[in-house]
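For reference, the structure discussed in these notes is given below.
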Amino acid sequence: ARAVTNCLTMVENLAEVSPTETSKHFGVIPKFLPWLIKRVRAQGDVDYNRVYASEILGIILQNSEASREAMVKLEGVDKLLRGIAAYRKRDPADSEESEFVQNMFDCLCSLML
């Protein structure tokens, strides 16, 4: 879990310096977007890395049209909707879940551009 956090922190730090370039480069790494999707759709409790992965996915989608197109090809809209389907009938239990849901909606909004 710590290694995942460190890797996501590195991506976030690079995105703070140069969001467009970072998003463009990380968005086209063949297995990175599918890994982020898998991570945010994981079953069970929402943990820190799941929230962080949703935040990184949002950053990439907001700053890279190529990444948005890749997400559509990966059926990303459907997968993100399934990832937050549990919150149709209940509210997020804590601030971590709330941030996760907000990040997921940010991702969906970016895909609608």
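Just so it is clear: in the sequence shown, position 100 is 100 by UniProt numbering, and no numbers are missing.
C-beta atoms are modelled at their ideal positions from N, C-alpha and C, and glycine is treated no differently.
Fair warning: this is a prediction, and the values are worked out from it, not measured in the lab.
Distance between residue 50 and residue 29, taken at the CA atoms: about 20 Å. A straight-line Cα-Cα distance of about 18 Å links residue 32 and residue 103. Per the coordinates, the alpha-carbon of residue 83 lies some 7 Å from the alpha-carbon of residue 40. Shortest Cα-Cα distance from residue 37 to any of 75, 15, 85 involves 75. Secondary structure at residue 83: helix, using DSSP grouped into helix, strand and coil.
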